[in-house]
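Inspection log for the structure reproduced underneath, given as structure tokens.
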Amino acid sequence: MSARRIRLRLDTRRGTEDVLVTSSPAGPLTVERSGKRVSVTVAALPDGRLSLLLEDGRQLCGRIAKDPAGRGVLVTTRAGAVRVAIEDALAHRLAAVADADDGTGEEVHALMPGRVLEVLAREGDEVIGGAVLLILEAMKMQNEIRATRAGRIGRVAVEPGQAVERGVLLVSITA
Amino acid sequence: MSARRIRLRLDTRRGTEDVLVTSSPAGPLTVERSGKRVSVTVAALPDGRLSLLLEDGRQLCGRIAKDPAGRGVLVTTRAGAVRVAIEDALAHRLAAVADADDGTGEEVHALMPGRVLEVLAREGDEVIGGAVLLILEAMKMQNEIRATRAGRIGRVAVEPGQAVERGVLLVSITA
Amino acid sequence: MTSARPPRLLVANRGEIALRIFRACRDLGIETVAVFSDADRSAPHVAAADYAVRLGPAPASESYLSVLALLAAAKKTSATLIHPGYGFLAENAGFARACVDAGLIFVGPTPEAIDAMGSKTVSRERMREAGVPIVPGMTTPAKDASEIAGFGKRAGYPLLLKASAGGGGKGMRRVENESETAAALARASSEAKLYFGDGAVYAEKLIDRPRHVEVQVVGDRHGRIVAVGERECSVQRRHQKVIEECPSPVVGPALRARLSEAAVAAARAVEYTSCGTVEFLLASDESFYFLEMNTRLQVEHPVTEEVWGVDLAAEMIRIALGEPLSFGELEPRGHAIECRIYAEDPRRGFAPSPGTITSLRLPSGPGVRNDVGVESGSVVPIDYDPMLGKLIVHGPDRPTALARLKRALSEYEISGVETTLPLFRRLLEIPEFAAGDFDVQWLDRRLAEGLFQERLPDDQEILLAAAGAASPRAASRTEARRAEDASPWRRESRRELLR
Amino acid sequence: MTSARPPRLLVANRGEIALRIFRACRDLGIETVAVFSDADRSAPHVAAADYAVRLGPAPASESYLSVLALLAAAKKTSATLIHPGYGFLAENAGFARACVDAGLIFVGPTPEAIDAMGSKTVSRERMREAGVPIVPGMTTPAKDASEIAGFGKRAGYPLLLKASAGGGGKGMRRVENESETAAALARASSEAKLYFGDGAVYAEKLIDRPRHVEVQVVGDRHGRIVAVGERECSVQRRHQKVIEECPSPVVGPALRARLSEAAVAAARAVEYTSCGTVEFLLASDESFYFLEMNTRLQVEHPVTEEVWGVDLAAEMIRIALGEPLSFGELEPRGHAIECRIYAEDPRRGFAPSPGTITSLRLPSGPGVRNDVGVESGSVVPIDYDPMLGKLIVHGPDRPTALARLKRALSEYEISGVETTLPLFRRLLEIPEFAAGDFDVQWLDRRLAEGLFQERLPDDQEILLAAAGAASPRAASRTEARRAEDASPWRRESRRELLR
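Going down the list, the protein sequences come from chains A, B, C and D.
The opening residue of the first sequence carries number 326 in my numbering; numbering runs sequentially from there.
The opening residue of the second sequence carries number 326 in my numbering; numbering runs sequentially from there.
The opening residue of the third sequence carries number 652 in my numbering; numbering runs sequentially from there.
The opening residue of the fourth sequence carries number 652 in my numbering; numbering runs sequentially from there.
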């Protein structure tokens, strides 16, 4: 599977900045900010925090949650909680994931209206958790819609170019 | 809504005992064991433990989880964990609950084959979380299938007397 | 003295102090009875007790302040002892009397001692007689503004108006000069009425930039009264203590001896039994003045326990059961600091921040003690004092204690509600705080100067945000699930199901 | 002595001891470097560090025991100090030398001291010269069984065969009489080869039902060596310590002085620096014999810290940085007890119980300290020592410490894996334990007599089970969700997603 590039808009006091995040399911994430590239491997901790390893061996650990008060995210680390206004970051990315009826597979629906850019999932495919199923464009942003767990592709309910409404079924996966 | 009576089989070293639990959504639970009746109000604690209040003011608190090693449940209290062999207790009771596609309602499916004894839910009804939707008989045990959250009854897919297979949709609820 | 029935103790309180007293009971092999309002059915203090009785709906007046409901709960569970904790009915002589009349052992001082020390004017009079230095002030509640103006002329401004029946900074008004007396009196007495049901107010001389140093006293029912060191409590916000330390960084052995002597004299003047605290204003010239006596176990008692090696909650229970003090000569060791963790938002003027705690990570390791009344998933109700609990650190000396506080704060996480944790992290960066160079108005001054600014994200935090955004699946899903799991509405439906 | 670069310390270990040393570093303002195997990427010690470097796959030989990988990690992160913790390479003189040769400051004793004390026979010889009483035993490893039999004739049976290069109860064999020597020698040397890569075995006189009492020693690089009290470690299962106490219930001031003097002499004999422990066998007549010296920080160091008010981990770092001891005269206060919490199943012969911790509730409040290396959701790998962490309680005296241990155990919950918590709850019910009346074989004897039986549910637990069954919705759903949430497979998929 090819690398995915996501453009995020970061709102700082000195104005907005673009942050480019390139992720490949196998390799590390690369994060580009004002010309500086940082390569990071990410591990999810059992309690939901993320642990990042940078190339120089530095380790960062924090909880990233939607900021209930405003847009962007709340990052909680050893230094406490801080608001990071990453616009249109999390809002798009969320595709609601419904556990399939027997509690093993899942049905993936669009949470935002958008347009299907690319469909990678083919019916009958075996996919690992986190595999990218399709690319949904919403609000000028590419969004990778991923499987949360391994399973077999049941129905692929959309094709490239098709506009989708909120709540529409995209792909269903059986265990 | 009338009170529900559930018969549980308790396996003790001195042989099996019947434990009758009568629960009404509004009132306390009454638990009958070898002639003795105890009335208990139950509160779910945020971390999944249960806190029971007995009529004499005594408070019991513990975590009740399926015993990974054997049948019955593992009860963990201040005194530590102990195995309680309540047979056919949890096995039947579980009806898989699938979050509906937009993540607000839920679809309730049978986890075990059985026969519909009574249907209380009517399409269009407003129900509170925990309301009893129908009574499913499986392995000679009455099982109350409840909603886990408030919502409006969408489809009632079964009627009284109908035999159901594993995985079949029983009732769907929209937010 | 002990009643025939096995000792069973009811705590007429909630949150961390209820858990604190239950732990002392468990150490002493005494059964525990919790009481709760409807807002607290699933609270940790209920789950921790052997017995639990509902008092009433959420409002304190119909639950934790309801003497009838409390006595009924004690009767229902055959409790033999009752402990008021702090706040609520802790310094209410009427409640103490009602307990004694109901045949219960009140774990605390006698109603007479509570009464005597409950009234600022009566207590000051007793102190004057006992030779305990007091701040020049009116001996009886002010009838009117002119009486205050008269006093002001004699003692000199600025003055401080205080509620006769109150404490903890409520019902206090500063009067810079004579022209302010009328308005200040009106405001102070209305606030006093609100908090303590008694509008009586008196005036006293204001000592500028004093430190608030208090002495722990313990008296048994065999006439022995001892002082157990002092606590530094000057770091306050609007008269509410924020951080407390033991020992005070400015109190050496000689001053400690003088303070302790005065504190024991104060206690003896009212034949004080159980645990109490004598509060002094300490001026920079090491002169000190009696402020008030708290006839209860204080929120900040743990710093004394860590340095002097005593269990004050257990001592109160032993005393109530008629036993003599369980310790002889005590020696202090090391330095302890306590932070009060309030569900308040430092960015919005410390407004209360009720809600659901979505994640709670407590610090641990050497020198760290947690006295906390909430757990992950707990709902913080709007109805009561917003203190979630206390972080207490201890080390061989103050610099080590400060370093351990910094470390413990770096391990502490409370998500879901705003708390005062960021304020403590900020304070540790301030040289004056690190040097212990502050007075009772210091924090208010620094806050007014903008001590507490919301931080901007640094590069590492932005990197984490980006990584989180790139893997929403991981972060937000557990987040969403945990929030959904812990949402009051979802739990309500479960509780509904189980009622 | 301190190198130019800012001090940055790498801990060549994992779990609770890595966190313990990181906390000392944070108190001292020193940056931390964690190392991890593939099994530990999401472990708490990695998340707690400023830097983290992968060593290799799960097997210890390819990760935590790989000197090359450790030195490469130190180089990559410009670490200036390296601390071995306990176990793994903690008493490996070669590793210490390799660190020094690589320009790193080894936080621990000199390679020479490790070597001298590493060999049971060499160390006994040094002790003999230093006048430290030793158990009559062979001075060189046994060439064959007849040599052991000869010794047996002189010293008298029973004898104990011990691995020259080992400790902690591995490679030990009891020999009742001459006929057993051959078989015992074979078994002992094969086990020694397995655990310590060195099959050398020697025999010594076995002192029946002795107590295991050890003395903490600390030496700086300026020639000062002090003893910091003793620890009672007799409660052992198959030579593995289970519960440790400070002070020992049977050691009074006079015996303490004699033990301390011998321990300091032992340390001085090898010019010992850093923290170490001199272990003695204490007979009922108060005679004691040198057993061995552990040239590392011990698992049970916290009980000494709580009673003597010192931070031994921080002290090791200060000493390594060339500073003199940071404390003068020390006074002990109170009593501390530590329980080692292993992921072992007491009902199945203490077989390891790896898996995922579905819920972890730690005790808190007065007198309770948690040094724990796991969190709720952590996966306990099969590859390493199954110790999850330690519960340490402290109180003014032993009875209070025991009561607080009972209280802390009642608040402790670990679900998802079996642990030794039930064993501690059981031990507190045994009069001999409460009286401190035990010897090194006591626990093994009592376990053999069936001390630990699985409990039957009482009426209250059956009531809870029934209530749980009647509301599967509440209990099992959160359970199911949490299990699904924390299941390695699900997290694997997330990790897969994020790699």
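Note that the Cβ used here is the ideal one computed from N, Cα and C, for glycine as well.
Below-9 Å beta-carbon distance, residue i vs any chain A residue
| i | result |
| --- | --- |
| A1054(C) | no |
| Y702(D) | yes |
| T1231(C) | Outside the shown range of chain C (652 to 1150) lies residue 1231(C), about which nothing can therefore be said. |
| S693(D) | yes |
Simplified DSSP state of residue i, which is helix, strand or coil
| i | result |
| --- | --- |
| P1037(D) | coil |
| E895(C) | strand |
| L1094(D) | helix |
| E943(D) | strand |
| E974(C) | coil |
| Y846(C) | helix |
C-alpha gap between residue i and residue j, whole angstroms
| i | j | result |
| --- | --- | --- |
| M1220(C) | M778(C) | Since the first residue shown for chain C is 652 and the last is 1150, residue 1220(C) is missing from the structure and cannot be characterised. |
| L399(A) | G405(A) | 10 Å |
| R480(B) | L661(C) | 51 Å |
| F931(D) | R358(B) | 56 Å |
| V869(D) | S911(D) | 11 Å |
| H863(C) | A971(D) | 42 Å |
| S712(D) | V718(D) | 9 Å |
| E682(D) | L732(D) | 10 Å |
| A839(C) | M823(C) | 6 Å |
| Y841(C) | G850(C) | For clarity, residue 841(C) is Ser in the given sequence; the question names Tyr instead. The straight-line gap from Cα to Cα measures roughly 6 Å. |
| A987(C) | L1056(C) | 9 Å |
| A699(C) | Y1063(C) | 23 Å |
| M967(C) | Y1035(C) | 25 Å |
| A747(D) | F757(D) | 6 Å |
Minimum Cβ-Cβ distance from residue i to chain B less than 9 Å
| i | result |
| --- | --- |
| S1015(C) | no |
| D1110(D) | yes |
| G1006(C) | no |
| A699(C) | yes |
| S1027(C) | yes |
| V1030(C) | yes |
Outcome for residue i when other beta-carbon atoms lying within 10 angstroms are tallied against a minimum of 16
| i | result |
| --- | --- |
| G1028(C) | buried |
| K391(B) | buried |
| Q887(C) | buried |
| L845(C) | exposed |
| S828(C) | At residue 828(C) the sequence reads Asn, which differs from the Ser that was named. The residue is exposed, with fewer than 16 neighbouring Cβ atoms inside 10 Å. |
| E895(D) | buried |
| T341(A) | exposed |
Interface flag, residue i vs chain C, CB-CB below 9 Å
| i | result |
| --- | --- |
| A368(B) | yes |
| G405(B) | no |
| G1046(D) | yes |
| I498(A) | no |
| G352(A) | no |
Cβ of residue i within 9 Å of any chain D Cβ
| i | result |
| --- | --- |
| S1127(C) | Confidence in S1127(C) is poor, its pLDDT being 35 and thus under 50, which makes the residue's placement unreliable; the coordinate value appears in the next sentence. Not one chain D Cβ lies under 9 Å of S1127(C). |
| A425(A) | Per-residue confidence for A425(A) stands at a pLDDT of 44, beneath the threshold of 50, marking its modelled position as unreliable; the derived number appears in the next sentence. It does not; no Cβ of chain D falls within 9 Å. |
Residues within the segment 928 to 954 of chain C neighbouring chain D, beta-carbon criterion of under 9 Å: P953
Check distances from the C-beta atoms of the segment 327 to 339 of chain A to those of chain C and list, in chain order, the residues that come in under 9 Å. R329, I331, L333, L335, T337, R338
When Cβ atoms are compared, which residues of the segment 379 to 396 of chain B fall closer than 7 Å to chain C? G382, R383, Q384, C386
Cβ-based contacts, 7 Å cut-off: residues of the segment 1058 to 1083 of chain C near chain A: S1061, E1064, S1066, L1072, P1073, R1076
Return the residues of the segment 723 to 749 of chain C that lie within a Cβ-Cβ distance of less than 8 Å from chain B, sorted by chain order. A724, K727, T728
Listed in chain order, which residues of the segment 657 to 688 of chain C have Cβ atoms closer than 8 Å to some Cβ of chain B? V684, A685
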